[in-house]
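So the sequences go chain by chain: A and B. Every number in the working numbering is 445 more than the matching position in the first sequence, counting from 1. Every number in the working numbering is 445 more than the matching position in the second sequence, counting from 1. We treat Cβ as the ideally placed atom computed from N, Cα and C, and that holds for glycine. Predicted model, so just to flag it, every value in this text is computed and none were measured.
Number of protein chains: 2
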Amino acid sequence: MALIVQKYGGSSVADAESIKRVAARIVETRRAGNEVVVVVSAMGDTTDEFLDLALAVSDSAPTGRELDMLLTAGERISMALLAIAIKGLGQEARSYTGSQAGMITDEKHGSARIVEVTPGRVREALDHGAVAIVAGFQGFNRLTGDITTLGRGGSDTTAVALAAALGADVCEIYTDVDGIFTADPRVVPSARKIDRITSEEMLELAAGGAKVLYIRAVEYARRHGVTLHVRSSFSHNEGTLVVNAKDGEIVEEPIITGIAADLSEDKITVVGVPDIPGKAAQIFTIVARTNANIDMIVQNISSASTGLADISFTLPKFQAQKALDALTDEKNAVGFESLQHDDQIGKLALVGAGMRTNAGVSAKLFTALFDAGINIEMISTSEIRISVVTRAENINEAVRVVHKAFELDAEVEAVVYGGTGR
Amino acid sequence: MALIVQKYGGSSVADAESIKRVAARIVETRRAGNEVVVVVSAMGDTTDEFLDLALAVSDSAPTGRELDMLLTAGERISMALLAIAIKGLGQEARSYTGSQAGMITDEKHGSARIVEVTPGRVREALDHGAVAIVAGFQGFNRLTGDITTLGRGGSDTTAVALAAALGADVCEIYTDVDGIFTADPRVVPSARKIDRITSEEMLELAAGGAKVLYIRAVEYARRHGVTLHVRSSFSHNEGTLVVNAKDGEIVEEPIITGIAADLSEDKITVVGVPDIPGKAAQIFTIVARTNANIDMIVQNISSASTGLADISFTLPKFQAQKALDALTDEKNAVGFESLQHDDQIGKLALVGAGMRTNAGVSAKLFTALFDAGINIEMISTSEIRISVVTRAENINEAVRVVHKAFELDAEVEAVVYGGTGR
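Okay, structure coming up:
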């Protein structure tokens with residue numbers, strides 16, 4: 446008997462029909478002799494509707510404790526409905542809030558971190574033969590006694606954390622595509638499904654903008670040795686296994702695993718920074734105080750005549766204004782000349798563990814983009830990833846030409862079941 | 446500084462605009478120097494929408510733990526939005542679930558009873574100058590660790606229980622009419638608002654079908670000495686005070702306080718019951734096992750020739766079928782001849798503490814109905830109430846003629862603000 450954790454996102458439980466379909470799938474898994482724990486997100490657009498309501502009742506942007514209280518109602522609805530649907534099929538099921546399932550977090554409302562998982566009641570439900578349904582995205586802080594939320598991708602994290610705490614055999618992440626693809630099938634119809642990917646590569650793809658899995662969940666899975674299976678809730682096809690490459694294990698890896706694209710970042714350039722030691726540290730200390738998640742950083746060579754350098758970095762769009770304000774406040778202390786804000790950038794990330802041992806990957810990437818007339822504005826590399834920044838309007842074309850250049854195209858087009866791209 | 450508990454029903458927080466209006470009213474009360482605890486129901490039709498969803502995902506009627514988990518999401522949404530709206534007006538506010546507010550109940554899902562109220566966190570919020578918002582209708586069972594609901598009128602009960610536990614000066618129940626009226630203003634436009642009513646009379650009116658306050662809440666208020674103020678959330682008019690007549694206190698009471706009508710009951714008649722001791726007890730033991738709430742009971746005189754009697758009783762419509770089934774199962778054991786089910790009855794209740802010392806009230810009531818050609822099918826009396834059953838189709842006319850006969854008509858017509866009659 447295997448213990449399987451299944452996570453269903455909002456689009457999989459968007460309405461009564463979808464909930465019944467998911468319930469049937471869960472019961473099928475249970476009746477095949479497995480213990481089943483289900484983590485569920487809020488139905489469809491519920492979270493957005495709640496946010497709209499919150500904005501409608503208050504002129505100031507709501508945050509913190511009360512917003513978390515509001516948003517967590519979403520999973521409460523979907524998990525209870527799913528439990529009712531499963532019971533309607535004659536299978537015992539019990540639903541648990543994050544708090545009841547033992548998802549203990551710190552007190553950071555809106556982006557809480559899991560500090561402990563004590564799934565005693567979930568284990569008990571399984572021991573009684575029931576399917577356990579757990580609300581994704583939410584936790585509980587013991588100190589304040591308050592409900593918290595885990596932030597973006599929180600339901601994935603809930604699923605992985607539960608899988609780790611329960612020693613699950615696999616954590617299945619259900620989505621509306623058949624798995625992880627070599628590129629977004631909506632942009633590259635010939636993208637190929639990846640059968641098996643290392644968590645290292647998956648992390649780079651997620652960091653590069655691939656939306657199917659969130660970084661935090663992949664990190665958590667890697668740290669705790671949880672095997673992820675990303676698959677479609679609309680078919681019974683095998684999806685993509687995200688595995689941990691064990692030390693010394695020789696894996697026959699393709700040079701390039703996949704391509705991710707990201708339009709969610711802006712670029713800020715600090716112009717005319719005195720080229721003396723400590724200035725970069727000073728700038729990024731200021732930005733860090735705004736809690737910005739800085740991604741790429743590029744510093745150009747300082748001009749010998751002026752002794753001034755430019756420093757550019759990218760960060761999530763919604764964090765840009767705060768960073769600009771913080772830097773402006775410290776303009777004199779840092780001694781830079783001006784700030785530039787570019788909100789029209791796109792980022793392409795080429796990922797593959799095989800590029801470690803294969804020369805020429807960068808050259809082939811740059812050539813493909815050059816041949817397509819696409820200008821590269823920033824470059825950043827890791828051991829298994831190369832990221833480039835282009836104009837936002839060129840990003841889809843960039844993905845297509847690079848996908849083709851690295852011969853990732855499949856023979857048949859990928860099937861995209863849903864429409865929302867979760 | 447007074448401590449005021451305010452309860453707002455679903456129609457008072459039906460949409461973003463209503464929530465903002467209620468928030469403004471709460472802030473006004475707080476800024477007038479009062480400590481304010483707010484109990485709130487789910488927005489508008491949320492509960493019904495949840496029930497519809499629950500029925501849509503399962504062929505069997507959902508009940509128990511999972512249904513309570515689902516329904517309680519409704520108050521979670523409204524309380525968080527209300528807290529956000531109040532904070533938007535610059536007033537600190539904190540929302541609490543039933544569990545967080547210390548509403549400890551027994552384990553009966555769907556109709557839990559409050560066994561203890563430990564509002565430590567609510568008291569703490571008040572001590573910090575914040576408005577405390579508490580989810581109505583819900584509680585928490587310590588033994589199972591599960592969320593429960595209090596059943597119909599649960600939010601009123603939450604408000605009264607909190608008022609009692611906190612030693613509040615008054616518990617304000619906000620509704621869409623100006624208070625308690627001598628009859629339903631929708632049926633009798635000339636109905637008069639009652640300024641002051643004893644909890645005893647209020648209980649009889651509520652039992653008689655008056656919808657503004659629920660019996661349980663009034664009972665709880667009477668037992669714990671909580672003063673209720675039923676008033677409109679759409680005006681600043683004084684409403685109706687529900688007070689406890691202290692022992693020995695002489696109150697100059699009108700003979701008749703008000704009239705309630707009720708179309709929510711059915712009548713069951715057990716025909717041909719052997720007129721021997723213990724038969725009535727046997728019948729009502731059988732019915733009680735179905736958890737039916739029996740209201741009126743009438744037994745006719747047995748026929749000397751047959752030695753058989755008929756026993757009629759009324760009960761909520763939705764409980765009728767179970768009672769009929771239970772009686773049918775025991776037909777031979779009881780030895781009755783047949784069952785009759787009448788789902789077209791209406792009940793009128795005439796209430797007034799003054800009728801204790803005033804003869805002729807029954808006569809005047811029966812005469813008014815007779816003059817209007819309305820047949821009386823059952824009669825039941827208490828010290829301060831007379832109830833009669835008529836055909837359902839005659840009930841509104843019955844209320845109007847009785848209202849007029851007892852000279853309850855006001856000079857101006859009552860204002861009904863909302864439309865739903867909660």
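Alpha helix (DSSP H) segment containing A/Ser644, residue limits
Taking the first sequence and counting its residues from 1, the one referred to as residue 644 of chain A is at position 199. That run of the alpha helix (DSSP H) goes Ser644 to Ala652.
To the nearest angstrom, how far is the alpha carbon of B/Thr593 from that of B/Leu772? For the purposes of this step, residue 593 of chain B is identified with residue 148 of the second sequence, where counting begins at 1. For the purposes of this step, residue 772 of chain B is identified with residue 327 of the second sequence, where counting begins at 1. So the alpha carbons of these two residues sit roughly 31 Å apart.
When A/Leu534, A/His573, A/Asp787 and A/Gly584 are compared against A/Ala518, the one with the closest alpha-carbon: If you number the first sequence from 1, residue 518 of chain A lands on position 73. Here the closest residue by C-alpha is A/Gly584.
Does the structure place the stretch 727-734 of chain B close enough to the stretch 703-711 of chain B that three or more beta carbon pairs sit under 8 Å?
No: the two stretches stay apart, fewer than three of their Cβ pairs being nearer than 8 Å.
Problem set entry | Other residues of its chain near B/Thr627: CB distance less than 6 Å, five sequence neighbours each side excluded | For the purposes of this step, residue 627 of chain B is taken as the residue at position 182 of the second sequence. Excluding sequence neighbours, B/Thr627 sits near Ala636, Arg637, Gly703 and Leu853.
Item to complete: Mind listing the chain B neighbours of A/Ile529? Cutoff is C-beta to C-beta under 8 Å, in chain order.
Response: As a position in the first sequence, residue 529 of chain A is number 84, starting the count at 1. The answer, in chain order, is Ala499, Val502, Ser503, Pro507, Glu511, Leu512 and Leu515.
- Message: Below 8 Å, how does it come out for the stretch 555-564 of chain B and the stretch 603-611 of chain B: are there three or more Cβ pairs, yes or no?
- Response: Segments in contact, yes.
*asked:* Tell me the DSSP secondary structure of B/Gln789 in three-state form.
replied: Counting from one through the second sequence, the residue named residue 789 of chain B turns up at place 344. Here B/Gln789 carries a coil assignment [DSSP, helix/strand/coil].
If you compare alpha carbons, which of B/Met741, B/Gln536 and B/Ile642 is closest to B/Ala570?
The residue given as residue 570 of chain B occupies position 125 in the second sequence. Closest in C-alpha terms to B/Ala570, from the list B/Met741, B/Gln536 and B/Ile642, comes B/Gln536.
I need the DSSP call for B/Gly717, collapsed to helix, strand or coil. Mapped onto the second sequence, residue 717 of chain B falls at position 272. Three-state result, B/Gly717: strand.
Got a sec: which bits of the stretch 580-611 of chain A sit with their beta carbon under 9 Å from any beta carbon on chain B, in order along the chain? When CB distances to chain B are screened at a threshold of 9 Å, the residues of the stretch 580-611 of chain A falling below it are Gly590, Asp591 and Ile592, in chain order.
Check: Tell me the DSSP bridge mates of B/Pro761?
Finding: Residue numbering aside, residue 761 of chain B sits at position 316 when the second sequence is read from its first letter. According to DSSP, B/Pro761 bridges with B/Glu710.
| field | Which listed residue (B/Glu617, B/Pro630, B/Gly653 and B/Lys656) has its alpha carbon closest to that of B/Ala666 | value | For the purposes of this step, residue 666 of chain B is taken as residue 221 along the second sequence, with counting starting at 1. Taking only the C-alpha atoms, the option nearest B/Ala666 is B/Glu617.
So A/Arg597 packs on A/His554, CB below 8 Å; how close in whole Å?
For the purposes of this step, residue 597 of chain A is taken as the residue at position 152 of the first sequence. For the purposes of this step, residue 554 of chain A is taken as the residue at position 109 of the first sequence. Rounded to whole angstroms, the Cβ separation of A/Arg597 and A/His554 is 14 Å, and the two are not in contact under 8 Å.
- Just mark B/Ile721 as buried or exposed, buried being the case when its beta carbon has 16 or more other beta carbons within 10 Å. Position 276 of the second sequence, counting from 1, holds the residue named residue 721 of chain B. Exposed is the call here.
Measure the C-alpha to C-alpha separation of A/Ser827 and A/Phe811 and round it to an integer number of angstroms.
As a working mapping, residue 827 of chain A is identified with position 382 in the first sequence. As a working mapping, residue 811 of chain A is identified with position 366 in the first sequence. Near 16 Å, if we compare the C-alpha coordinates of A/Phe811 and A/Ser827.
* For A/Val481, which of A/Asn689, A/Asp572 and A/Val675 has the nearest alpha-carbon? -> Along the first sequence, read from residue 1 onward, the residue named residue 481 of chain A stands at position 36. The closest CA to that of A/Val481, considering only A/Asn689, A/Asp572 and A/Val675, is found on A/Asp572.
Exercise. Expressed to the nearest angstrom, what Euclidean distance is found between the alpha-carbon atoms of A/Glu649 and A/Ala662?
Worked result: Taking the first residue of the first sequence as 1, we reach residue 649 of chain A at position 204. Taking the first residue of the first sequence as 1, we reach residue 662 of chain A at position 217. Distance between the alpha carbons of A/Glu649 and A/Ala662: 13 Å.
message: Taking only three categories from DSSP, how would you classify B/Ser827?
response: The sequence position of residue 827 of chain B within the second sequence is 382, counting from 1. It is a strand residue.
_So, for B/Ala850: in the same chain, excluding its five sequence neighbours on each side, which residues have a beta-carbon less than 7 Å away from its beta-carbon?_
As a working mapping, residue 850 of chain B is identified with position 405 in the second sequence. Around B/Ala850: Lys809 and Ala813.
- Message: At a CB distance below 7 Å, what residues from the stretch 768-798 of chain A approach chain B? Give them in sequence order.
- Response: From the stretch 768-798 of chain A, no residue has a Cβ closer than 7 Å to chain B.
Exercise. Could you pull out every residue in the same chain whose Cβ sits closer than 6 Å to the Cβ of B/Lys532, ignoring the five residues on either side in sequence?
Key: Translated into the one-based positions of the second sequence, residue 532 of chain B becomes position 87. If you ignore the 5 residues before and after B/Lys532, its C-beta comes within less than 6 Å of the C-beta of Ala538, all in its own chain and listed in chain order.
ask   = Given that a residue counts as buried once 16 or more other Cβ atoms are within 10 Å of its Cβ, and exposed if not, what is B/Gln545?
value = The residue you call residue 545 of chain B lines up with position 100 of the second sequence. Classification of B/Gln545: buried, given that the 10 Å Cβ count is 16 or more.
Requested in this report: Have a look at B/Val779 and B/Arg845 and give me their C-alpha separation to the nearest angstrom.
Outcome: The residue you call residue 779 of chain B lines up with position 334 of the second sequence. The residue you call residue 845 of chain B lines up with position 400 of the second sequence. Taking the straight line joining both Cα atoms gives about 41 Å.
*If you drop the 5 nearest sequence neighbours on each side, which residues of the same chain put their C-beta closer than 7 Å to that of A/Arg475?*
If you number the first sequence from 1, residue 475 of chain A lands on position 30. The answer, listed in chain order, is Val481, Gln536 and Val576.
**Asked** At a Cβ cut of 9 Å, what residues of the stretch 450-474 of chain A count as close to chain B, listed as they run along the chain?
**Response** Flagged, chain order: Asp460, Ala461, Glu462, Ile464, Lys465 and Ala468.
query: Would the beta-carbon of B/Ala499 fall within 8 Å of that of B/Leu515?
result: In the second sequence, counting from the first residue as 1, residue 499 of chain B sits at position 54. In the second sequence, counting from the first residue as 1, residue 515 of chain B sits at position 70. Yes. Within cutoff.
For A/Arg566, return the contacting residues in chain B, with the cut-off set at a CB-CB distance below 8 Å.
By one-based count along the first sequence, residue 566 of chain A stands at place 121. The answer, in chain order, is Gly590.
request  = Could you please give me the residues that DSSP links to A/Asp591 through a beta bridge?
outcome  = Mapped onto the first sequence, residue 591 of chain A falls at position 146. Answer is A/Asn586, bridged to A/Asp591.
query: Mind checking if A/Arg521 is an interface residue toward chain B, Cβ cutoff 8 Å exclusive?
result: Working through the first sequence from its first residue, we reach residue 521 of chain A at position 76. By this cut-off, A/Arg521 is an interface position.
Item to check | As assigned by DSSP and simplified to three states, the class of A/Asp493 | outcome: Position 48 of the first sequence, counted from the start, is the residue given in the question as residue 493 of chain A. DSSP places A/Asp493 in the helix class (H, G or I) of the three-state scheme.
First and last residue of the alpha helix (DSSP H) that includes B/Leu527? Here residue 527 of chain B refers to the residue found at position 82 of the second sequence. According to the DSSP assignment, B/Leu527 belongs to the alpha helix (DSSP H) that extends over Ala518 to Gly533.
- Query: Buried or exposed: which applies to B/Arg830, given that a residue is buried once 16 or more other Cβ atoms fall within 10 Å of its Cβ?
  - Reply: By 1-based counting over the second sequence, the position of residue 830 of chain B is 385. Classification for B/Arg830: buried.
Worksheet item: Is B/Gln727 helix, strand or coil when you go by DSSP?
Response: Here residue 727 of chain B refers to the residue found at position 282 of the second sequence. When DSSP states are grouped into helix, strand and coil, B/Gln727 belongs to the helix group.
- What are the boundary residues of the alpha helix (DSSP H) that includes A/Leu607? As a working mapping, residue 607 of chain A is identified with position 162 in the first sequence. Per DSSP, A/Leu607 belongs to the alpha helix (DSSP H) from Gly599 to Leu611.
**Message:** Going by C-alpha to C-alpha distance, which of B/Ser832, B/Gly612, B/Lys792 and B/Leu588 sits closest to B/Asp551?
**Reply:** For the purposes of this step, residue 551 of chain B is taken as the residue at position 106 of the second sequence. Ranking the options by Cα distance to B/Asp551, first place goes to B/Leu588.
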